[in-house]
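Take -19 as the starting number for the sequence shown in this note's numbering and just add one per residue.
Positions of the beta carbon are idealized from the N, C-alpha and C atoms, including for glycine.
Since this is a predicted model, take the numbers as computed values, not measurements.
To start, the structure itself, in structure tokens.
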Amino acid sequence: MTMWLWWVVSAALAASGEALQPRCQEITIPMCRGIGYNLTSFPNALDHDTQEEAGLEVHQYWPLVEIKCSADLKFFLCSVYTPICIEDYAKPLPACRSVCERARDGCAPLMQK
């Protein structure tokens, strides 16, 4: 009975993946390092499972970040692709609506051309 219970618990933990990786992880995406927070968690709101997957997608916005159409764009993008993670809080923290709106207002004219 004990061996069977151990097997069931092990299988459940392996299937969930939660026991195998910490909830918060250090940000590794170059564009999102040094933006005011260091920890993120996955999956993100766009359903990326890894930083590698998120990094490939967020990188396509680099030209907009480089031309500085909005001072908030980089932080907003990183908060979506590498959401803020706090160890003692159960959910990732999204960016404030005002950050999203400022990024949109600054960059929308360029994106609509």
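Taking the C-beta atoms as reference points, PHE56 is found nearer than 7 Å to ALA75. Between the segment 43 to 55 and the segment 79 to 87 there are three or more C-beta pairs closer than 8 Å, enough to call the two in contact. A direct Cα-Cα distance of roughly 23 Å separates PRO43 from THR30. Taking every protein chain shown into account, the CB of TYR61 has 16 or more other CB atoms within 10 angstroms, so this residue is buried. Remark: C-beta atoms of PRO63 and THR20 approach each other more closely than 7 Å.
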